[in-house]
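Just so you know, the sequence shown maps onto residues 3 to 101 in the working numbering.
Some notes on the structure that comes next.
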Amino acid sequence: MARKNKRVMTNAHVTFDGIPDVPSLALVSVTITCDRCHKAIDGLLGKSYTAGFYDTDDGYWSQFADKDEKYICDDCMWSDARYLSVYRESVSMEETDHG
Ligand SMILES: [Zn+2]
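Structural data, given as structure tokens:
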């Protein structure tokens, strides 16, 4: 199955690879509770950017969340099968020969 290495997410709320394309890069410190593991997560929240967790309430990231989940921490997201099915190839592409 031929797939492109990089996916461009045109309707993403955040820019996955690269610096977020927002007028202001101001970030605020937030503590959220992960709706999957219920841990308190210290993260950063910007205009259209989060760090440490994913805002899955709506928009692009909601496809990786279950119905009642609003915030998902990095650890939970990175072990989510739906997320891995999209991003695992980009994580491994530097180590793998795609010739
Ligand atoms: Zn979690």
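C-beta atoms are modelled at their ideal positions from N, C-alpha and C, and glycine is treated no differently.
Inclusion of Phe55 and Gly45 in the CB contact set at 8 angstroms is warranted, their separation being smaller than that value. Spatial neighbours of Asp76 in its own chain (CB-CB distance under 7 angstroms, excluding positions within 5 residues in sequence) are listed in chain order as Gly54, Phe55.
For Cys78, there is no enclosing beta strand (DSSP E); the residue is found in the alpha helix (DSSP H) stretching over 76 to 79. Beta bridge pairing from DSSP links Phe55 with Cys75. In terms of Cβ geometry, Tyr62 and Ile34 do not form a close pair [threshold 8 angstroms].
In terms of side-chain proximity, the C-beta atom of Arg38 is found nearer than 7 angstroms to a non-hydrogen atom of ligand 1. The nearest non-hydrogen atom of ligand 1 is less than 7 angstroms from the C-beta of Ile74. Lys41 has its CB nearer than 7 angstroms to a heavy atom of ligand 1.
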